[in-house]
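Q: With the UniProt record's numbering applied, the sequence shown covers 1 to 273. For glycine and all other residues, C-beta sits at the position ideal for the given N, C-alpha and C.
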Amino acid sequence: MHMGIERNVSKPKGKIYSESRKNRRRQKKPTMVQKLYDTCKEVFADCGPGVVPSPDKVERLKAILDTMTEIDVGLRPDMPFFKASTAGKFPRITYQHIYECDKFSIGIFCLPPNGVIPLHNHPEMTVFSKLLFGTMHIKSYDWVKDGSTGTPLLADPLDGQSGCVRLAKVKVDSEFTAPCNTSILYPADGGNMHCFTARTSCAVLDVLGPPYCDPEGRHCQYYLESPLAKYTVNNVVIAEEENDGYAWLEERERPEDVTVVGALYTGPKIIEK
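#1: State the start and end residues of the unbroken alpha helix (DSSP H) segment that holds Arg166.
#2: Would you call Asp102 buried or exposed, if buried means 16 or more other Cβ atoms sit within 10 Å of its Cβ?
#3: On the criterion of 16 or more Cβ atoms from any shown chain inside 10 Å, does Arg218 qualify as buried, or is it exposed?
#4: Going by DSSP, name the residue or residues bridged to Gln221.
#5: Can you list, in chain order, the residues of its chain whose CB lies under 7 angstroms from that of Glu6, leaving out five sequence neighbours each side?
#6: Tell me Ile71's beta-bridge partners as DSSP assigns them.
#7: If we call anything under 8 angstroms between Cβ atoms a contact, is Gly115 one with Pro77?
#8: Please state the DSSP three-state secondary structure of Met79.
#9: Contact defined as beta carbons within less than 8 angstroms: I believe Phe81 pairs with Thr94. What is the distance between those atoms, to the nearest angstrom?
#10: So what's Lys62 in DSSP terms, helix, strand or just coil?
#11: May I ask which residues mark the beginning and end of the beta strand (DSSP E) holding Cys110?
#12: Please name the residue in Val165, Val33 and Lys139 whose C-alpha comes closest to that of Pro268.
#13: Pick from Glu100, His120 and Ala188: whose alpha carbon is nearest that of Tyr223?
#14: Note the first and the last residue of the continuous alpha helix (DSSP H) segment covering Glu42.
#15: Give me the Cα-Cα distance between Ile64 and Phe133, rounded to the nearest whole angstrom.
#16: What does the alpha-carbon distance come out to for the pair Asp173 and Thr200?
#17: Thinking just about the alpha-carbon of each residue, which of Pro210, Leu75, Cys40 and Asp214 is nearest to the one in Lys62?
Structural data, given as structure tokens:
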């Protein structure tokens, strides 16, 4: 005997309807951060290192991010970590961690005016970056590949020394002001190496799939830019008129003058499902 059904039948229909309507009123509308988490969970479910989500899934995630602002993550431009630095000091960048699992991570970089996130890479990762507010200059590169082997072009050794210097082509070199569309970087194209320079105080919401992981070889590598005239490939110098679109990128240690500090995320919470 289904006791639950019998109990429901014994109640007046009007009462059932009113209680149902009341329960619907109690249900809170999902926050944008929750929608972002739910979408990321679906988009990256079948992905891993070097695996890009399908185009329709990329668009789904981009559509969520495109509508987001600082209000959705509990930020205000007048918060202390957006204030300009004292003259002579390098601006300190603040990172707010929102969520991370083995499939993806979500976080926010908060930059004061003139704050810089140096040129760095995203190995085997698909990256979504959304400028929440402010104006920022973004410069990004992709590796130039050898046509026969498909590997990045290496510079000829300089003065008998072999270094890890590769040829890269500029993908983006522009200023962006919010509101603007989400930038997407792919493992092999789309500007996998990029640099952020804050023209005003600004915040960037980042989604990485998968996240950095040193044990699995996905560590953040920084680069120095050098003009084409400094190196050659197979002793061939690239034409002078192409210099603006190309550069040599040389691996470097993390710059000492860059300080990124963690801060507690105080925006809407994520409910894991």
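A: In short, the structure shows the following:
#1: The count along the sequence shown starts at 1 and reaches residue 166 at position 166. Note, Arg166: premise wrong, no alpha helix (DSSP H); beta strand (DSSP E) at Val165 to Thr177.
#2: Working through the sequence shown from its first residue, we reach residue 102 at position 102. Asp102 comes out exposed.
#3: Against the sequence shown, residue 218 aligns to sequence position 218. So Arg218 ends up on the buried side.
#4: Start at 1 with the first residue of the sequence shown, and residue 221 comes out as number 221. Its beta-bridge partners do not exist; DSSP assigns none.
#5: Looking up residue 6 in the sequence shown gives position 6. Reliability fails at Glu6, whose pLDDT of 33 lies under 50, so the model's placement of it is uncertain and the value that follows must be treated cautiously. Nothing meets the Cβ criterion.
#6: For the purposes of this step, residue 71 is identified with residue 71 of the sequence shown, where counting begins at 1. None; Ile71 has no bridge partner.
#7: By one-based count along the sequence shown, residue 115 stands at place 115. By one-based count along the sequence shown, residue 77 stands at place 77. No. Outside cutoff.
#8: Position 79 of the sequence shown holds residue 79. Here Met79 sits in coil by DSSP.
#9: In the sequence shown, counting from the first residue as 1, residue 81 sits at position 81. In the sequence shown, counting from the first residue as 1, residue 94 sits at position 94. With 8 angstroms as the limit, Phe81 and Thr94 qualify as a contact, their Cβ atoms being about 4 angstroms apart.
#10: In the sequence shown, the residue the question calls residue 62 occupies position 62. Lys62 falls in the helix class under three-state DSSP.
#11: Here residue 110 refers to the residue found at position 110 when the sequence shown is read from its first residue. From DSSP, the beta strand (DSSP E) with Cys110 extends over Ser105 to Leu111.
#12: Start at 1 with the first residue of the sequence shown, and residue 268 comes out as number 268. Comparing Cα-Cα distances from Pro268 to each of Val165, Val33 and Lys139, the minimum goes to Val33.
#13: Your numbering for residue 223 matches position 223 in the sequence shown. Taking only the C-alpha atoms, the option nearest Tyr223 is His120.
#14: Within the sequence shown, residue 42 is the residue found at index 42, counting from 1. From DSSP, the alpha helix (DSSP H) with Glu42 extends over Met32 to Val43.
#15: Taking the sequence shown and counting its residues from 1, the one referred to as residue 64 is at position 64. Taking the sequence shown and counting its residues from 1, the one referred to as residue 133 is at position 133. Going by the C-alpha atoms only, they are around 16 angstroms apart.
#16: Locating residue 173 in the sequence shown gives position 173, where the first residue counts as 1. Locating residue 200 in the sequence shown gives position 200, where the first residue counts as 1. Spanning the two alpha carbons is a distance of roughly 17 angstroms.
#17: One-based indexing of the sequence shown puts residue 62 at position 62. Of the candidates Pro210, Leu75, Cys40 and Asp214, the one whose C-alpha sits nearest the C-alpha of Lys62 is Cys40.
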